[in-house]
Structure formats: structure tokens, C-alpha cells
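The block underneath contains the structure these notes are about, expressed in C-alpha cells.
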Amino acid sequence: MSLEVVKQRSRGFICVNAHPAGCRENVRQQIRTITSGSRRADAGPKNVIVVGSSTGYGLASRIAAAWGSGARTLGIFFERSPEGRKTATAGYYNNVALHEFAKADGLFAASINGDAFTDDVKRSAVQIVRQQMSPVDLVIYSLAAPKRTDPASGEVHNSVLKPIGEAYSSKSIDLSTGKVIHVTIPPADEKEIADTVAVMGGDDWRLWMELLLKEGLLAEGAQTIAYSYIGPELTWPIYRAGTVGRAKEDLERTARELNSLLKSNVGGEALISINKAVVTQASAAIPVVPLYMSTLLRVMGMKGVDEEPIDQMRRLFADYLTDGRKGALDSEGRIRLDDREMRPEIQSDVAARWAQLETENLATLADFEGYTRRFRNLFGFDVPGVNYEEPVEIDVGW
Ligand code: NAD
């Protein structure tokens, strides 16, 4: 037992602790978003694995699968547990809450807290699936990781967020001071590009799917989806045309290969979903992108079309994963949940504001305040309805 009053602690912009009650409230709200909409518990996927399920898009995917379709879910993630008076990470507390609510609602949930890139974690997943949730009809791959140890060679790959070919200079935001600054990011070398592809590309996704197939654990018609991003031209040098974009190209190539593999073996399919830019721990680490997102938040908010991860996942399940496919694919066969972000009128408004952005007009042209609030929310802070003066148990588990 360790009852504590938990106050936000930060190093620079990053929160180094998390609030269990705030995280619980975030999960509760996401479940409410799903259960308050129309649901087809008889029609969606029934046994679902989510790799990267503790925060961001993976957590929202798992909630949509469990509470929207009544699916049995296995979540895999890499989070720090509580230790003495030190809180766990937010993803850990999100998962504690998810299990609590699943139990109350009679939903099966199993979780593995470990490195998804390792053979050990994959073997544990196979065991759980074989005993409790076979055959699997959906695998969501939603990892965002800074590094990966190659399971065969033992080589450690670190991903970098850099442009390719030439240095990139752009407006950006100093997240700690809220000042608009100019940054120049040097280009990645060949090794950095290859390392980023090894971490964020499709290799590990392929290993997961080949293993599940080999073990005979995939249902007839099983689907797998990985998430990607394209975004507007103003972020291309650092995103789509940069190291992470190279990794996403590899992920998309892997989707085509996995698609053939699943088609010929179980009549299934592999898909890429291009999702909208949202505030997560992963996206905050990308240079320039937080300033773009603050501007996007202002524009989409004003037009009333902004979406959080859970809104995106509700659409993904309703339009693509329940009762056949009702949503369209783009010319390259991808799901486009970024359709609202990429509307010409949204992007031209963002571009016009971007050209004028400076520290003095940041609050009018962009919504940096909203961005930082959402960021604090990720760690369970500043969440409406939570009493932060009250001691909470931080040493909890599922
Ligand atoms: P996130 O940081 O919120 O979540 C990452 C998840 O991966 C967490 O559950 C974390 O525990 C898990 N993880 C990290 N390393 C791991 C490891 N070694 N083993 C097991 N689990 C590990 O990230 P996110 O923004 O939700 O990103 C998820 C995916 O969505 C990524 O592929 C990202 O590129 C994509 N995406 C994100 C955005 C965005 O704006 N955030 C937009 C489009 C697509």
C-alpha cells in the first residue's frame, strides 16, 4: 500500500510521473465515448490482439474492440510499474483501469507488460491466445518505440527523427517556454535511416503475424492493421520524407506482403490506416510537429471537426471492422482516418496561420494551451472531475 498525494512533476516538458485517478478517468471517458454510440456487439471482431495497447491509438483501439464489439482482448505494452513512492507510468495506470472496467463489464482482458520485440513476449502471447482467445480475428499493431534489439542478431537499433538528404530549417515551438523558435535539424546518415526503419518499420509486425499464422492461431478471414501518418507538406521534411517516413514506407510495403500471406493462408487481409495527428507521447517527440498540431487543433476546433484517438477508433471499427467494409480505401488501398485533417479548407487555413506564427500571436493563431493541456491529460493531470488534493493508492496492479 502506498497512499500519496500526487502532484505533477516534469523534466522540461515531459511529465516524469502519472496520476492513477486521472488515468482511470481518461479510460472511463473513452469507454463512455464508445458505449454511448451505436454498437454492434454481435458483428465486430471477437478475439483481438493490440500490440502497443497502453496509451494513444493502441489504448483507444483496445477500448473500441472490447466495449464496441464485446471482443476478448490481449494487450501488449512496455510500461514502468510503481516502485515504492514512485508512481508507475501513465500507460501502466491506464491498463489497471482498463482491467478494472473490463471485469465490471464482464469482458475478458489479458495483458503482457514487456518488450514486444522479444521472442519471449511473443511466446507468452501465443500461450495466452492458445488457451484463452483462439482463433484471433484482428491484430492491431500500434507500437511507437525509441529502440529495438534485433531478436536474431542482438543488435540494438535506436530510431531518430531527422530529415533525409539535407538539413531542415523550420519554425518550431520550445515546448518548455511556449516560444516560437527556429530550428535546423541535420540530416540523418545511412545508419540512422536503417536503424529507424528497423525500429518503426514493418519487420516486427511481420514476425508477429508469421508466428500467429505458423501456430495456427489466426481465424479464417483474420485482419491485421498497422497505423501510419502522412500529414501536410509543411511537415514532410521531418516526417513523411524523413527517417520516420522511411520507416512508414517499409511498414506499408510490409502490409502489402502480409496481405498476400494472409489472403492465401486464411483468406484474411493486412491493412494500413493513416490516422489523424493527435497529441500522444510519441508525437510530442517529433520536432516541428507540436507547433503544427497546436495550429491544427485551433483550426479543427473552430470548425467543430476535431477528433481524439477514441473518435478515430470508433470510426475505424464502425466503418471498416464491423459487418463488412463500409468505408472507402484510397488509391493505394489504405484506410484514411486523416480525411478531416487533410481537407483542403483545413490545410489552407493551417498554412496561412503557419506563415504568420510567432510567439506574440501564438494564442490567437494556434491553440498551444489546448495542446499542453492534452499533453498533461496523457499523464492523468488536469483531468476534469479528479480531486488532486486527495491521496491515491499508487501501488496498484491488474
Ligand atoms: P504512444 O506513445 O501513445 O503509444 C505507444 C505504445 O507502444 C504504448 O502502448 C507503449 O507502451 C508501446 N511500446 C513502446 N515500446 C514498446 C515495446 N518495446 N514493447 C511493447 N510495447 C511498446 O504512441 P501513438 O502516437 O499512439 O502511436 C501508435 C502508432 O500510431 C504509431 O505507429 C504511430 O506512428 C501511429 N500514428 C500516430 C499518430 C499521432 O499523431 N500520434 C498519427 C498517425 C499514426
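Quick note, the sequence shown lines up with residues 0 to 397 if you use numbering that gives the first Met the number 0.
Yeah, the Cβ is synthetic: ideal placement off N, Cα and C, and Gly gets one too.
Bridge partners - residue i, DSSP secondary structure assignment
i    : result
G74  : V49 and S110
V391 : E3
E82  : K85
L315 : Bridge partners of L315: none, in fact.
E268 : Q222
L328 : I334
A13  : A small correction: the amino acid at residue 13 is Ile; Ala does not occupy that position in the sequence shown. Its beta-bridge partners are R10.
Exposure of residue i, with buried meaning 16 or more beta-carbon neighbours within 10 Å
i    : result
P231 : buried
H18  : buried
S152 : exposed
G164 : exposed
H156 : buried
R71  : buried
T183 : exposed
V265 : buried
D41  : exposed
P383 : exposed
K121 : buried
M292 : buried
N360 : exposed
I180 : exposed
R61  : buried
L2   : exposed
Residue i CB to nearest heavy atom of the ligand MN below 8 Å
i    : result
Q280 : By its list of ligands, the structure shown excludes the ligand MN, since it contains just the ligand NAD.
- Query: In the region 174–229, which residue ranges form an unbroken alpha helix (DSSP H) of at least 4 residues, counting only runs that do not cross its ends?
  - Reply: 189–199 and 202–213
- Runs of beta strand (DSSP E) wholly within the region 95–172 (minimum 3 residues, chain order): 108–112, 135–140, 146–148 and 155–157
- Message: Does the contact criterion of 3 or more C-beta pairs under 8 Å hold for the region 238–254 versus the region 294–303?
- Response: no
- Query: Looking at C-beta atoms only, is the number of pairs between the region 305–315 and the region 335–348 that lie closer than 8 Å three or more?
  - Reply: yes
- Task: Flag this pair as touching only if the region 103–120 and the region 53–70 have three or more C-beta atom pairs under 8 Å; answer yes or no.
- Result: yes
- Query: For the 8 Å Cβ check, are there 3 or more pairs between the region 184–198 and the region 271–282?
  - Reply: no
- Counting Cβ pairs closer than 8 Å, one from the region 22–29 and one from the region 109–129, do we hit at least three? no
- Task: Give a yes or no on contact between the region 31–47 and the region 308–324, applying the rule of three or more CB pairs nearer than 8 Å.
- Result: yes
- Of all the alpha helix (DSSP H) runs that stay within the bounds of the region 243–298, which reach a length of 4 or more residues? 280–283
- Message: Within 8 Å, do at least three Cβ pairs link the region 167–177 to the region 202–219?
- Response: no
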